[in-house]
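Take a look at the structure below.
Numbering (the numbering used here), first residue to last: 1 to 84.
Next up, the structure:
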């Protein structure tokens, strides 16, 4: 049996850069463990935090919003600074 895992050796930032090069609209995707009933990411789980760091390190965070509930259920928040 062969397992093909092309992203396994890439950092989150590298994955984001590769997706950007392929035209991925990250604002239309989530990777949250606990999305709300409208499909928006929580912004607090490990997956959301890793994704935000990857977006911050992999491209222009102003152009790649994350769909998250945010504190007031606003819908879209920006990737935070790495280390915050």
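Backbone N, C-alpha and C define an ideal beta-carbon position, used for all residues, glycine too.
Can you say whether residue 39 is buried or exposed, counting buried as having 16 or more other CB atoms within 10 angstroms of its CB? On the chain shown, residue 39 is found 39 positions in, with the first residue counted as 1. Exposed.
Where the alpha helix (DSSP H) through residue 31 begins and ends: In the chain shown, counting from the first residue as 1, residue 31 sits at position 31. From DSSP, residue 31 is part of no alpha helix (DSSP H); its letter is neither H nor E.
Report the option in 50, 9, 17 whose CA atom is closest to the CA atom of residue 30. Your numbering for residue 30 matches position 30 in the chain shown. Of the listed residues, the one whose Cα sits closest to residue 30 is 50.
Over what stretch of residues does the alpha helix (DSSP H) that includes residue 5 continue unbroken? Residue 5 sits at position 5 when you count from the first residue of the chain shown. Note, residue 5: premise wrong, no alpha helix (DSSP H); not H, not E.
So the candidates are 3, 48, 5, 4; which of them puts its Cα closest to the Cα of residue 27? Working through the chain shown from its first residue, we reach residue 27 at position 27. Taking only the C-alpha atoms, the option nearest residue 27 is 48.
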